[in-house]
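Below is one structure, written out as structure tokens, with a few remarks after it.
Number of protein chains: 2
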Amino acid sequence: MSLLVTGSIAIDTVKTPYGVSEDCIGGSAVYFSMAASFFSPVRLVGAIGSDCPFDFDEVFAGRDVDLTGLEVRQHSKTFRWMGTYFDDMDDRKTDYIELNVLAEDPPKVPVSFKDSKFVFLANTAPKLQLQLLEQIEEPMFAAADTMDFWIEGHPDDLSMLLRKINCLIINEDEARLLANEHNLIKAGEKILDMAVGAVVIKKGESGSVVCDASGNTFILPAYPAAEVKDPTGAGDSFAGGLMGYIAQAGKTDFATLKTAVAYGTVAASFTISDFSINGLTKTTRHDINNRLAELRKLVKF
Amino acid sequence: MSLLVTGSIAIDTVKTPYGVSEDCIGGSAVYFSMAASFFSPVRLVGAIGSDCPFDFDEVFAGRDVDLTGLEVRQHSKTFRWMGTYFDDMDDRKTDYIELNVLAEDPPKVPVSFKDSKFVFLANTAPKLQLQLLEQIEEPMFAAADTMDFWIEGHPDDLSMLLRKINCLIINEDEARLLANEHNLIKAGEKILDMAVGAVVIKKGESGSVVCDASGNTFILPAYPAAEVKDPTGAGDSFAGGLMGYIAQAGKTDFATLKTAVAYGTVAASFTISDFSINGLTKTTRHDINNRLAELRKLVKF
Numbered sequence: 001m002s003l004l005v006t007g008s009i010a011i012d013t014v015k016t017p018y019g020v021s022e023d024c025i026g027g028s029a030v031y032f033s034m035a036a037s038f039f040s041p042v043r044l045v046g047a048i049g050s051d052c053p054f055d056f057d058e059v060f061a062g063r064d065v066d067l068t069g070l071e072v073r074q075h076s077k078t079f080r081w082m083g084t085y086f087d088d089m090d091d092r093k094t095d096y097i098e099l100n101v102l103a104e105d106p107p108k109v110p111v112s113f114k115d116s117k118f119v120f121l122a123n124t125a126p127k128l129q130l131q132l133l134e135q136i137e138e139p140m141f142a143a144a145d146t147m148d149f150w151i152e153g154h155p156d157d158l159s160m161l162l163r164k165i166n167c168l169i170i171n172e173d174e175a176r177l178l179a180n181e182h183n184l185i186k187a188g189e190k191i192l193d194m195a196v197g198a199v200v201i202k203k204g205e206s207g208s209v210v211c212d213a214s215g216n217t218f219i220l221p222a223y224p225a226a227e228v229k230d231p232t233g234a235g236d237s238f239a240g241g242l243m244g245y246i247a248q249a250g251k252t253d254f255a256t257l258k259t260a261v262a263y264g265t266v267a268a269s270f271t272i273s274d275f276s277i278n279g280l281t282k283t284t285r286h287d288i289n290n291r292l293a294e295l296r297k298l299v300k301f
Numbered sequence: 302m303s304l305l306v307t308g309s310i311a312i313d314t315v316k317t318p319y320g321v322s323e324d325c326i327g328g329s330a331v332y333f334s335m336a337a338s339f340f341s342p343v344r345l346v347g348a349i350g351s352d353c354p355f356d357f358d359e360v361f362a363g364r365d366v367d368l369t370g371l372e373v374r375q376h377s378k379t380f381r382w383m384g385t386y387f388d389d390m391d392d393r394k395t396d397y398i399e400l401n402v403l404a405e406d407p408p409k410v411p412v413s414f415k416d417s418k419f420v421f422l423a424n425t426a427p428k429l430q431l432q433l434l435e436q437i438e439e440p441m442f443a444a445a446d447t448m449d450f451w452i453e454g455h456p457d458d459l460s461m462l463l464r465k466i467n468c469l470i471i472n473e474d475e476a477r478l479l480a481n482e483h484n485l486i487k488a489g490e491k492i493l494d495m496a497v498g499a500v501v502i503k504k505g506e507s508g509s510v511v512c513d514a515s516g517n518t519f520i521l522p523a524y525p526a527a528e529v530k531d532p533t534g535a536g537d538s539f540a541g542g543l544m545g546y547i548a549q550a551g552k553t554d555f556a557t558l559k560t561a562v563a564y565g566t567v568a569a570s571f572t573i574s575d576f577s578i579n580g581l582t583k584t585t586r587h588d589i590n591n592r593l594a595e596l597r598k599l600v601k602f
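Below you can see the structure in the form of structure tokens.
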């Protein structure tokens, strides 16, 4: 079924111990769409400036990504991010950020996208996420990401957003901050008390935890990647694989959510194996399925 | 089958955000024996001084722990450790340490213990671990723990030990240090190249990874404990549950090792729920089995 994503499209420059990737394609909506398109048609809503050097038909060649919602603003510039990862790849610093088009009005949801059943609102101001969500007529399952800046600075907007979405997908530090609780299991429970139906907590190389309002819990380790070249986009690829699988399944029960988290884990593992979206570009659905089977075997006892 | 453990017996004083536990029983051999005795008879080899206030018959009441190898040295003092855990329980500092009897000759393995088939050598000098192991006639499966001090200061002894044991059980920082490799999957492979048959890497609240020389890998998250009162002894309880189950099964194939790691995980989860060995004292084999079933369900997809 139809899956819509709103998020950033970026010109990234990334330094890792494996090298430098200059002015490469990035952004939450791009990583999400790449990963989700293994499973389901994707409708992308995002904005770029006239400086954007990427040919999106080529970027998404062979994938069912509808670019009707891609706004090219002639008098704007594209969002830029520059970051450095250190030796252990656990931490990164932002060297430089230029919001550009992200600081303007958000892109509109095209009329042809308004019937989308599955929606992912990548990280941005909760108020904008709400405005975007309101443009969708009857969403069946909406998920969102957020970050420390909104948790600390815009708690009321975020609280409103949580009441409107079905699933929050955040990392462990954000979960702890949002819940004001170090223990992740308790943090998950506290976030569920904020009236969101399910919460997925991403723990990087330690995997993820999912819990829902019916008291279900699922824990999955990360895929044990021996080569990590560039962690950029891992979280958005995770969300893409997760939401893509749910949209494909057309179901939102906990068993589906568990398998979706596993597919998200697998998608992220391909992303981090190379710079930018190269890890996903060279991957096939067959590779995805094989790695899912491998992951299932790795955790079985 | 018979399971022998050599390790420390300690008088611990532990501070955590939940309170202070003064002069309580601790030590690797104690936590190990408590956890292992859910599964198998245990033979404890350790030394204490005349100041030791604990009644070991009472400590191990109802458990099959053979204390023939417990040496009480009239002119010595018992090992003491004092430590503090901080808010997030992830880090601890040692406030005070008194080696006492641990700085003397190691205890002898009693004649009646020499036919032990399963052996766990808790953390101490690799040279002593080797001497202890040599006293066992025909061990079927020997495992050992070690720490940064021996990895950095006594690499040759440790290298010799690795060739003599079947399994190394260490935490992630130790694995990275030993292998000189940050990526844990690669670190595991490098440690296997040191001629040990299997390596279990403990990642605390992120679970554990096991790999063996036949190319098998298993990943298990930690049990999602909502209450962590005192992490002391978690690693030794993990090893106890693991080795106890292997001794009970009498098999050392990878499927057995996987289930053993799961039992170790469960044993550790009970240990950290209370101070000292109290979490284990009040636990039954029935509780252990229930939690294993729960853990199995939590990771299944």
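Line order of the protein sequences matches chains A and B.
First residue of the first sequence: 1, per the working numbering; consecutive thereafter.
First residue of the second sequence: 302, per the working numbering; consecutive thereafter.
Glycine included, each C-beta is placed from N, C-alpha and C at the ideal position.
Fair warning: this is a prediction, and the values are worked out from it, not measured in the lab.
Could you check if A348 of chain B is buried or exposed, using at least 16 other CB atoms within 10 Å of its CB as the buried criterion? Buried is the call here.
With distances taken Cα to Cα, identify the nearest neighbour of T307 of chain B among B:T317, B:G320, B:Y332 and B:A499. With respect to the C-alpha of T307 of chain B, the residue from B:T317, B:G320, B:Y332 and B:A499 having the closest C-alpha is B:Y332.
Tell me whether the region 522 to 530 of chain B and the region 461 to 475 of chain B touch, counting them as touching only if at least three CB pairs, one residue from each stretch, are closer than 8 Å. Counting Cβ pairs under 8 Å, fewer than three are found: no touch.
DSSP state of M441 of chain B mapped onto helix, strand, coil: M441 of chain B: coil per DSSP, three-state reduction.
As assigned by DSSP and simplified to three states, the class of M82 of chain A: Note: M82 of chain A maps to strand in three-state DSSP.
Please classify K202 of chain A as buried or exposed, where buried requires at least 16 neighbouring CB atoms within 10 angstroms. Looking at its Cβ environment, which holds 16 or more other Cβ atoms inside 10 Å, K202 of chain A is buried.
Would F238 of chain A pass as a contact of T265 of chain A if the rule is Cβ separation under 8 Å? Taking C-beta atoms as the reference points, F238 of chain A and T265 of chain A count as a pair closer than 8 Å.
DSSP has K114 of chain A in a bridge; who is on the other side? Under DSSP, K114 of chain A shares a beta bridge with no residue.
What does a CB cutoff of less than 8 Å around C52 of chain A pick up in its chain, not counting 5 residues either side in sequence? These residues qualify, in order along the chain: I9, I11, V72 and T78.
What's the C-alpha gap between Y397 of chain B and R381 of chain B? Computed Cα separation, rounded: 8 Å.
Run of the alpha helix (DSSP H) containing Y307 of chain A, from where it starts to where it stops: A question about residue 307 of chain A goes unanswered here, because the residues of chain A that appear run from 1 up to 301.
So if I threshold CB-CB distances at 9 Å, which residues from the region 255 to 275 of chain A count as touching chain B? For the region 255 to 275 of chain A, residues whose beta-carbon sits nearer than 9 Å to a beta-carbon of chain B comprise A255, K258, T259, V261 and A262.
From the DSSP output, in three-state form, read off G244 of chain A for me. G244 of chain A sits in a helix when the DSSP states are folded into three classes.
Where L311 of chain A sits in the DSSP three-state scheme: Residue 311 of chain A cannot be examined here, being either before or after the span of chain A that is shown, 1 to 301.
Nearest-angstrom Cα distance between P221 of chain A and V45 of chain A? Inter-residue distance for P221 of chain A and V45 of chain A is about 31 Å (C-alpha atoms, whole angstroms).
Just checking: is the beta-carbon of F419 of chain B within a distance shorter than 8 Å of some beta-carbon in chain A? So no, F419 of chain B is outside the interface.
Collapsed DSSP secondary structure at Y263 of chain A in the structure displayed: Looking at Y263 of chain A - three-state DSSP - the assignment turns out to be helix.
Going by C-alpha distance, which of A:L295, A:L162 and A:I277 is nearest S21 of chain A? Of the listed residues, the one whose Cα sits closest to S21 of chain A is A:I277.
Let me check understanding here. Comparing Cα to Cα, which of B:G536, B:G505, B:E490 and B:S509 lies closest to G516 of chain B? The shortest Cα separation from G516 of chain B among B:G536, B:G505, B:E490 and B:S509 belongs to B:E490.
Please identify the residue among B:A563, B:G580, B:L485 and B:A550 whose C-alpha is closest to the C-alpha of M89 of chain A. Residue B:L485 holds the alpha-carbon nearest to the alpha-carbon of M89 of chain A among B:A563, B:G580, B:L485 and B:A550.
Name the DSSP beta bridge partners of N472 of chain B, please? Answer is B:K503, bridged to N472 of chain B.
Check whether the Cβ atoms of A122 of chain A and A29 of chain A lie closer than 8 Å to each other. Pairing A122 of chain A with A29 of chain A gives a Cβ-Cβ distance under 8 Å.
In terms of DSSP beta bridges, what is T13 of chain A paired with? T13 of chain A is bridged by DSSP to A:M82.
Spell out whether any CB of chain B is found under 8 Å from the CB atom of D88 of chain A. Residue-level contact by beta carbon holds for D88 of chain A and chain B, with a gap shorter than 8 Å.
Can you tell me where the beta strand (DSSP E) with L305 of chain B in it begins and where it stops? From DSSP, the beta strand (DSSP E) with L305 of chain B extends over L304 to T307.
Cross-chain neighbours of F303 of chain A in chain B, by beta carbon under 7 Å: Limits of chain A in this structure are 1 at one end and 301 at the other, which puts residue 303 of chain A out of reach.
So, is T283 of chain A buried or exposed, given that buried needs 16 or more other C-beta atoms within 10 angstroms? The C-beta of T283 of chain A has 16 or more other C-beta atoms within 10 Å across all chains shown, which makes the residue buried.
Helix or strand or just coil, what does DSSP make of E104 of chain A? In the three-state reduction of the DSSP assignment, E104 of chain A falls in the coil class, being assigned neither a helical nor a strand state.
If you measure from the beta carbon of L44 of chain A to each beta carbon in chain B, is any gap under 8 Å? No, L44 of chain A lies away from the interface with chain B (no Cβ there is under 8 Å from its Cβ).
Buried or exposed for L99 of chain A, please, with buried defined as at least 16 other CB atoms from any protein chain shown within 10 angstroms of its CB. So L99 of chain A ends up on the exposed side.
What is the residue span of the beta strand (DSSP E) that A47 of chain A lies within? Segment V42 to G49, the beta strand (DSSP E) holding A47 of chain A.
Please report whether the beta-carbon of S214 of chain A lies at a distance below 8 Å from any beta-carbon of chain B. Interface criterion not met: the Cβ of S214 of chain A is under 8 Å from no Cβ in chain B.
How close, in whole Å, do the beta carbons of A35 of chain A and A267 of chain A come, if the pair is a contact with beta carbons under 8 Å? Contact holds; Cβ gap of about 4 Å.
V196 of chain A to D212 of chain A span [Cα, whole Å]: Roughly 8 Å separates the two Cα atoms.
Beta bridge counterpart(s) of I520 of chain B as assigned by DSSP: BP columns for I520 of chain B point to B:V510.
Do you know offhand how far D388 of chain B's Cα is from S574 of chain B's? Distance from the CA of D388 of chain B to the CA of S574 of chain B, rounded to the nearest whole angstrom, comes to 15 Å.
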